[in-house]
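Report on the structure given below.
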Amino acid sequence: MLPLLLLTAAFSAEPSAEQLTLLTTFREEFIALTPGEGDFPAEFTMGDDGGPPAERPAHRVMRVRPFQIARYEVPQNLWEAVLGTNPSKWKGKRNSVEMLSFDDANDFCRKATELMRAAKLIEATQAIRLPTEAEWEYAARAGSTTRYSFGDDPTRLGEFAWFQGNAKDNDPPVGAKKPNAWRLYDVHGYLWEWCSDAWHDDYAGAPADGSAFNDGGDAERRVLRGGSWKDDADHLTSSFRRAGDRNLKDDAVGLRCVLR
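So in the numbering used here, the last spot in the sequence shown is 260, and the numbers never skip.
Next comes the structure, spelled out in C-alpha cells:
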C-alpha cells in the first residue's frame with residue numbers, strides 16, 4: 001500500500017498546462033441559476049399532462065437550490081484532456097462528445113472535480129456532476145411554460161437545435177445555434193443528455209425540491225433529456241424524457257455538467 005503522503009499526492013495531482021487551459025474555459029462557461037432571485041423563478045411546473053405517460057403527472061417543483069450549469073454540452077477536447085481518450089464516432093475538438101455510458105459520464109465528472117479542485121478553479125466543497133432531471137428541465141425551460149424554451153412553434157426549431165430535420169451533412173461545434181433565454185446552448189437537440197435520476201415510468205411520487213428521483217426507480221436505466229440530431233421535433237420539447245440503459249453508448253448521447 002502507498003504511504004499516506006504519496007497516496008494523497010496521487011489524488012491531488014495538479015492538471016497539466018493543456019488541462020488547465022481547457023478546464024479554465026470550462027469553469028468560465030458555467031452559468032449561475034438562483035431560483036427565487038432576479039429573473040429566476042422560485043418554482044416551475046415539471047412535465048406535461050398533455051404529453052406521453054412518462055411526462056405525467058405535471059407537478060410543481062419548489063425550493064430548487066441554486067446551482068451552476070454548463071453553457072454547452074461537454075466538447076471532445078475537454079473530455080480527452082480530462083480522461084485521455086475520445087470515444088466519439090463523429091470527431092471534432094469542439095463537437096459534443098458522444099458514445100459514452102452513464103458511468104463514463106460520471107467518471108468524467110469525478111475526474112474533472114479532482115483536477116479543478118487541485119487547480120483551485122472550484123472550492124474544495126464544490127463538485128462537478130450530472131444534473132438532476134428537475135435541474136435539467138428548470139434550466140432548459142429558462143422561465144418558459146411553453147413546449148420549447150422559445151415557444152410552441154416547432155417550425156422555429158432550426159434556429160435553436162440540431163435535429164432530424166436539419167442535421168444531415170452537418171458536423172457542428174457546440175453553440176452553433178441560438179441559446180435559450182438563460183444563454184444555454186443545445187438544450188434542444190444535438191445530443192441526448194444524461195441526468196442523474198434512476199428511471200421511473202412516470203412522476204408519481206417525484207420529489208418537489210429539485211433533488212434526484214431515485215427512490216423506487218430502476219437504477220440500471222437512467223433519464224435522458226433534450227432529444228438529439230436523430231430525433232423529430234416532438235422529442236425535443238422541454239418536458240420530453242426517455243430511459244437509457246446505463247451501459248448505453250450511442251452517437252446521439254452526451255452530457256452537460258452541473259457545478260454545486
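Glycine included, C-beta positions come from ideal geometry on N, C-alpha and C.
Remember, it's a predicted structure, so these values are computed and weren't measured experimentally.
Original post:
Three or more beta-carbon pairs under 8 Å between the region 232-239 and the region 133-149, yes or no?
Top reply: Counting Cβ pairs under 8 Å, three or more are found: they touch.
Original post:
Exposed or buried, which one is residue 75 when buried takes at least 16 other CB atoms within 10 Å?
Top reply: Residue 75 comes out buried.
Subject >> The alpha helix (DSSP H) enclosing residue 109, as first and last residue numbers >> reply: Its alpha helix (DSSP H) spans residues 102-118.
Original post:
If you draw a straight line from the C-alpha of residue 91 to the C-alpha of residue 151, how long is it?
Top reply: Approximately 32 Å between the Cα atoms of the pair.
**OP:** Counting only the same chain and skipping the five closest in sequence on each side, list residues whose C-beta sits under 6 Å from that of residue 5.
**Re:** Residue confidence for residue 5 is low, a pLDDT of 35 falling below 50, so the modelled location carries little weight; the figure read from the coordinates is stated next. Close CB contacts of residue 5 within its chain, under the 6 Å cut and outside five residues either way in sequence, are absent.
Subject >> beta strand (DSSP E) segment containing residue 192, residue limits >> reply: It spans 192-199 - the beta strand (DSSP E) in which residue 192 sits, taken as one unbroken run.
Original post:
Between the Cα of residue 211 and the Cα atoms of 260, 67, 88, 132, which residue gives the shortest distance?
Top reply: When each option's Cα is compared against that of residue 211, the closest is 132.
Original post:
Nearest to residue 203 by alpha carbon, out of 23, 53, 26, 192?
Top reply: Minimum Cα-Cα distance from residue 203 among the listed residues 23, 53, 26, 192 corresponds to 53.
Subject >> Contact set for residue 40: own chain, Cβ-Cβ below 6 Å, skip 5 residues either direction >> reply: The answer, listed in chain order, is 33, 34.
Original post:
Taking the beta strand (DSSP E) that residue 33 falls in, what are its first and last residues?
Top reply: Residues 30-33.
**OP:** Find out if the Cβ-Cβ distance for the pair residue 162, residue 253 is shorter than 7 Å.
**Re:** Contact flag unset, no.
Original post:
Just how far apart, CA to CA, sit residue 96 and residue 170?
Top reply: Distance between the alpha carbons of residue 96 and residue 170 is about 13 Å.
Original post:
Looking at the unbroken beta strand (DSSP E) that takes in residue 244, where does it start and where does it end?
Top reply: Counting along the chain, the beta strand (DSSP E) containing residue 244 begins and ends at 241-245.
**OP:** Using alpha carbons as the reference points, say which of 112, 194, 141 lies closest to residue 127.
**Re:** Ranking 112, 194, 141 by Cα distance to residue 127 puts 112 first.
Original post:
Is residue 15 buried or exposed, if buried means 16 or more other CB atoms sit within 10 Å of its CB?
Top reply: Residue burial annotation: residue 15 is buried, with at least 16 other C-beta atoms found within 10 angstroms of its C-beta.
**OP:** Determine the DSSP secondary structure at residue 260, reduced to helix, strand or coil.
**Re:** Three-state DSSP puts residue 260 in coil, outside helix and strand.
Subject >> DSSP three-state assignment for residue 142, whether helix, strand or coil >> reply: Under the three-state reduction of DSSP, residue 142 is assigned to coil, being neither helix nor strand.
**OP:** Figure out for me which residue from 147, 89, 69, 226 has the closest Cα to the Cα of residue 109.
**Re:** Selected option, being the one with the closest Cα: 69.
Original post:
Which two residues bound the contiguous alpha helix (DSSP H) that contains residue 83?
Top reply: Start and end: 76-83.
Subject >> residue 188 versus 165, 160, 174, 166, residue with shortest Cα-Cα distance >> reply: For the set 165, 160, 174, 166, the Cα lying nearest the Cα of residue 188 is the one of 160.
Subject >> Continuous beta strand (DSSP E) stretch holding residue 220: start and end >> reply: Its beta strand (DSSP E) spans residues 218-225.
Subject >> Contact set for residue 44: own chain, Cβ-Cβ below 7 Å, skip 5 residues either direction >> reply: Once the five neighbours on either side are set aside, the close Cβ partners of residue 44 are 61, 138, 141.
**OP:** Tell whether a beta-carbon distance below 7 Å holds between residue 185 and residue 175.
**Re:** A distance below 7 Å separates the beta carbons of residue 185 and residue 175.
Original post:
Can you give the beta carbon distance from residue 217 to residue 199, rounded, assuming they're within the 8 Å contact cut?
Top reply: Indeed, because the Cβ distance is near 6 Å, the residues count as touching under 8 Å.
Original post:
So, using beta-carbon positions, are residue 105 and residue 259 closer together than 7 Å?
Top reply: With contacts defined by Cβ atoms closer than 7 Å, residue 105 and residue 259 do not form a contacting pair.
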